[in-house]
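For the sequence shown, the working numbering gives the first residue as 38, with consecutive numbering after it.
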Amino acid sequence: MRTAAKLMVVLILLCSAEVFALPYQSYTFDYWSETVPAAQAYVPRRVLGSRELGTALSNPQDIFVTDEYIFVLDTGNNRILVFDHDWNFSREISEFENNSGIDRFNNPRGLYVSPEGVVYVADQNNGRIVQLTEAGEFIQSFGEPRSDVEGVIPEGFRYRPRKVVVDVAGRMYVISEGTFDGILEFDDAGQFRGFIGAPRIRPNIVDYIWSRIVTDEQRSRRALFLPTEYSNLHIDESGFIYATVSGLTTNETDAIRRLNPSGKDVLRRQGFFPPVGDVQYPYAGLGASIEGRSVFVDVVSREYGIYSALDIRRGRVFTYDSNGSLLYVFGGPGDQTGLIQGPAAIEALGDKILVLDSQLARITVFEPTPYAQYIHSAIAYHQAGEYEEAADMWRKALAYNANLDQAYSGIGRSLLRQNRFVEAMEYFRLGNNRRDYSKALALYRREVIFDNFPKIMTGLVIIALGLLILIKTKPYAPLKERLNSYYGWNPHSRDQTAFAQDDVSGWRLKARLTIRALWYAVYVSLHPFDGFWDLKYEKRGNFAASTLILALLVLTNAFGRQFTGFVLNPNDLTKLNILMEVAVVMVPFMLWVVVNWSLTTLFEGKGTFGQIWIATAYALTPLILVNIPMTIVSNFITLEEAAFYYVITAMAGVWSLTLVFIGNMVTHEFFVAKTIWSSCLTLAGMLLVAFMGLLFFSLVGEMTNFAASVYREVTFRM
Numbered sequence: 038m039r040t041a042a043k044l045m046v047v048l049i050l051l052c053s054a055e056v057f058a059l060p061y062q063s064y065t066f067d068y069w070s071e072t073v074p075a076a077q078a079y080v081p082r083r084v085l086g087s088r089e090l091g092t093a094l095s096n097p098q099d100i101f102v103t104d105e106y107i108f109v110l111d112t113g114n115n116r117i118l119v120f121d122h123d124w125n126f127s128r129e130i131s132e133f134e135n136n137s138g139i140d141r142f143n144n145p146r147g148l149y150v151s152p153e154g155v156v157y158v159a160d161q162n163n164g165r166i167v168q169l170t171e172a173g174e175f176i177q178s179f180g181e182p183r184s185d186v187e188g189v190i191p192e193g194f195r196y197r198p199r200k201v202v203v204d205v206a207g208r209m210y211v212i213s214e215g216t217f218d219g220i221l222e223f224d225d226a227g228q229f230r231g232f233i234g235a236p237r238i239r240p241n242i243v244d245y246i247w248s249r250i251v252t253d254e255q256r257s258r259r260a261l262f263l264p265t266e267y268s269n270l271h272i273d274e275s276g277f278i279y280a281t282v283s284g285l286t287t288n289e290t291d292a293i294r295r296l297n298p299s300g301k302d303v304l305r306r307q308g309f310f311p312p313v314g315d316v317q318y319p320y321a322g323l324g325a326s327i328e329g330r331s332v333f334v335d336v337v338s339r340e341y342g343i344y345s346a347l348d349i350r351r352g353r354v355f356t357y358d359s360n361g362s363l364l365y366v367f368g369g370p371g372d373q374t375g376l377i378q379g380p381a382a383i384e385a386l387g388d389k390i391l392v393l394d395s396q397l398a399r400i401t402v403f404e405p406t407p408y409a410q411y412i413h414s415a416i417a418y419h420q421a422g423e424y425e426e427a428a429d430m431w432r433k434a435l436a437y438n439a440n441l442d443q444a445y446s447g448i449g450r451s452l453l454r455q456n457r458f459v460e461a462m463e464y465f466r467l468g469n470n471r472r473d474y475s476k477a478l479a480l481y482r483r484e485v486i487f488d489n490f491p492k493i494m495t496g497l498v499i500i501a502l503g504l505l506i507l508i509k510t511k512p513y514a515p516l517k518e519r520l521n522s523y524y525g526w527n528p529h530s531r532d533q534t535a536f537a538q539d540d541v542s543g544w545r546l547k548a549r550l551t552i553r554a555l556w557y558a559v560y561v562s563l564h565p566f567d568g569f570w571d572l573k574y575e576k577r578g579n580f581a582a583s584t585l586i587l588a589l590l591v592l593t594n595a596f597g598r599q600f601t602g603f604v605l606n607p608n609d610l611t612k613l614n615i616l617m618e619v620a621v622v623m624v625p626f627m628l629w630v631v632v633n634w635s636l637t638t639l640f641e642g643k644g645t646f647g648q649i650w651i652a653t654a655y656a657l658t659p660l661i662l663v664n665i666p667m668t669i670v671s672n673f674i675t676l677e678e679a680a681f682y683y684v685i686t687a688m689a690g691v692w693s694l695t696l697v698f699i700g701n702m703v704t705h706e707f708f709v710a711k712t713i714w715s716s717c718l719t720l721a722g723m724l725l726v727a728f729m730g731l732l733f734f735s736l737v738g739e740m741t742n743f744a745a746s747v748y749r750e751v752t753f754r755m
């Protein structure tokens with residue numbers, strides 16, 4: 038009976054509890070740009086449409102928040118609506134009296150209110166910026182820009198102001214629709230000063246060549262060499278201008294810019310990826326309902342260097358910290374509560390976020406969850422120098438979302454300040470923060486060396502003495518003699534077929550030949566001309582040894598992938614694919630051997646397929662010799678020392694390529710010029726074969742899909 042009563046109480050509580058299911062999923066991106074789930078950071082608490090506002094909006098385009106009021110630019114109705122922070126209606130500004138009488142807006146698109154209460158309106162179809170008081174009284178207007186310097190204003194320029202902001206000095210910054218020359222700057226008297234913030238795109242050589250061969254009509258349709266067109270502006274408390282770039286720009290990493298007064302972009306892009314919105318998205322032509330990358334329509338700066346950007350393509354809000362690291366994402370496309378059908382503008386009201394929907398003519402008020410509040414508090418504590426408190430906030434955020442990499446980094450920074458280097462390194466590893474991990478590693482390495490310097494020096498001396506004794510006494514000589522006797526080696530002969538015993542046969546003979554041929558790869562690497570000559574004419578190498586070299590290269594590559602130091606290792610260690618490691622080595626190797634053998638036959642090359650195989654495999658030995666030691670060394674170096682690592686690995690690659698070239702020349706008995714020509718043709722042939730292979734598998738895939746669709750159609754009709 039008591040159990041039934043308890044069950045009844047639980048059911049009543051469940052039925053009476055308010056269940057609020059959000060229409061969107063929160064997510065973030067990890068270091069490898071993979072989408073991972075995240076806790077909800079912001080949830081919709083209020084939707085303000087015509088009923089809630091007391092009046093119907095028509096195509097609203099902008100919103101602005103001051104200390105006392107919320108200004109909504111109702112573009113379709115050519116008016117400004119003013120509300121207090123509780124959304125009580127205050128007043129409407131639809132007309133004003135200027136020097137010539139009653140005046141009205143005509144398609145106003147942008148709105149800004151200065152701290153002094155001066156209202157600036159980008160009145161697009163009237164081609165002006167209107168300056169009003171908060172009460173709606175006319176002050177003055179600024180028409181199209183004029184300049185006495187020829188060429189400053191481009192020919193055919195049409196002034197259609199779309200957005201406007203004003204700095205503390207009274208300078209106006211205006212976006213004019215269809216203008217690619219940047220943001221227009223006006224002084225406090227309304228005089229045009231020029232364009233800022235539009236560096237021209239630097240085309241690469243492919244773009245330049247393409248531009249020379251296309252027709253005039255095609256060239257006129259290309260936006261490749263045009264400067265940037267901005268879509269919106271926001272000015273922060275420090276006077277820096279946040280600007281969103283329209284989708285026409287070819288450089289998607291510049292989707293958001295932070296311009297200083299001289300127009301230079303100073304936005305930090307130190308996250309896993311630049312602030313571009315969605316990193317993974319459906320490309321055009323794949324049949325997705327929404328295709329292409331994110332396009333930001335507005336941005337708003339917030340406290341502690343945080344800023345949020347509104348994606349017009351998918352109705353999502355992306356929030357970043359001052360370093361450009363993604364903190365959280367919320368929102369989505371649609372007409373349900375919390376979704377945005379026509380994103381137009383974004384504003385901050387305290388810790389709330391206001392999103393203006395131009396299509397649904399409504400305003401959605403988002404409020405932070407405890408998860409977002411912990412993130413903001415952690416950043417605030419960190420900027421105030423209270424690192425332990427910041428770490429506590431990050432730990433609370435991690436309780437909501439274990440995929441929050443910034444939290445691990447935040448805790449690591451706190452530990453680093455406390456000189457707890459090993460623990461800090463572990464947290465930086467969890468957060469995939471290689472920059473701070475490198476700092477912690479440098480400090481930890483210095484601490485270990487300083488505290489153990491006598492022991493380290495003593496160990497080095499003992500090792501040096503031990504090596505010297507081994508070289509002098511040769512205690513390994515009896516073991517070497519036994520091995521020579523067992524395998525039939527004659528250490529005094531260069532001839533592979535010379536035996537110390539006549540009864541050596543079977544697997545021991547094969548092992549002897551293979552091991553000796555394998556060791557000869559080192560000699561080939563150091564003496565390439567003699568070495569490759571001996572490989573071909575003295576039979577110092579064999580197929581088994583060359584295949585073992587390839588296997589060793591695969592293994593050392595896999596070893597390097599998994600065990601290279603964290604600072605220099607961008608790989609996801611949980612996703613080792615040994616077949617891919619084999620393919621990375623064997624596919625280009627086989628292409629080179631097959632294509633080279635096919636082409637050099639036409640050039641009267643003297644090398645056989647087997648000789649090309651052996652020579653090419655032996656040429657890859659430097660990669661094996663360098664992979665293992667450099668993988669070990671990489672665990673002890675910092676980012677500042679990474680150049681030495683990359684130089685040595687690059688030298689090993691150049692060394693191997695040089696050996697491939699020399700091996701090709703010696704094997705085929707070519708002169709240098711003919712070797713260069715045959716090598717170039719081989720590379721071209723490899724590209725052609727790869728292209729044909731991709732085309733073949735693509736056609737097979739299309740045919741398979743077609744056959745499957747026909748089969749499904751037939752079975753459905755049956």
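Built from N, CA and C at the ideal position, the CB exists for glycine as well.
- For the options Ile130, Ala687, Ile327, Phe101, the alpha carbon positioned closest to that of Asn114 is the one of Ile130.
- Between Ser635 and Leu660, the C-beta spacing is not below 8 Å.
- Membership of Lys492 in the alpha helix (DSSP H) is indicated by the continuous run 490-510.
- In this chain, the beta strand (DSSP E) harbouring Phe333 covers 333-338.
- Residue state for Glu181 is assigned as coil, using DSSP reduced to three classes.
- When Asn144, Val155, Tyr149 are compared, the shortest CA-CA separation from Gln161 is found for Asn144.
- Annotation note: the region 304-385 contains the following uninterrupted beta strand (DSSP E) runs of length 3 or greater, listed N- to C-terminal: 333-338, 344-348, 353-357, 363-368.
- The three-state secondary structure of Lys711, taken from DSSP, is helix.
- In this model, Leu397 and Leu110 are separated by some 15 Å (Cα to Cα).
- In the DSSP assignment, Gly227 falls outside any alpha helix (DSSP H) and carries neither an H nor an E.
- The three-state secondary structure of Gln168, taken from DSSP, is strand.
- According to the DSSP assignment, His413 belongs to the alpha helix (DSSP H) that extends over 407-420.
- Around the CB of Asp372, fewer than 16 other CB atoms lie within 10 Å, so the residue is classed as exposed.
- Annotation for Ser635: no beta strand (DSSP E) segment contains it, though the alpha helix (DSSP H) segment containing it runs 615-639.
- DSSP places Gly138 in the strand class (E or B) of the three-state scheme.
- Contact between Gly314 and Ala280 does not hold, since the beta-carbon distance rounds to 15 Å and is not under 8 Å.
- Beta-bridge partners assigned by DSSP to Ser213: Pro198.
- For Thr593, the closest alpha carbon among the candidates Ala58, Val663, Gln648 is that of Val663.
- Per DSSP, reduced to three states, the secondary structure at Ile586 is helical.
- As DSSP reads the structure, Ala548 sits in no beta bridge.
- His271 is bridged by DSSP to Tyr279.
- Here the alpha carbons of Val670 and Asn633 stand approximately 36 Å from one another.
- Here the alpha carbons of Asn701 and Gly642 stand approximately 9 Å from one another.
- Looking at Arg450, Tyr560, Leu441, the one whose alpha-carbon comes closest to that of Tyr418 is Arg450.
- Under the three-state reduction of DSSP output, Pro666 falls in the helix class.
- Of the residues assessed, Trp556 falls on the exposed side of the cut-off, its CB having fewer than 16 other CB atoms within 10 angstroms.
- Residue burial annotation: Ile383 is buried, with at least 16 other C-beta atoms found within 10 angstroms of its C-beta.
- Sixteen is the threshold: when 16 or more other Cβ atoms of the shown chains lie within 10 Å of the Cβ of Trp629, as they do, the residue is buried.
- Under the three-state reduction of DSSP output, Ala479 falls in the helix class.
- Excluding the 5 residues flanking it on each side, Gly738 has no same chain C-beta neighbour closer than 7 Å.
- Looking at the DSSP output, Asp160 bridges to Pro145, Arg165.
- In the three-state scheme derived from DSSP, where H, G and I count as helix and E and B as strand, Asp473 is classed as helix.
- Taking C-beta atoms under 8 Å as the contact rule, Gly578 and Ala554 qualify, at a distance of about 5 Å.
- Just measuring C-alpha positions, the residue of Leu441, Ser213, Val119 sitting nearest Ala159 is Ser213.
- Arg128 has Val119 as its beta-bridge partners, per DSSP.
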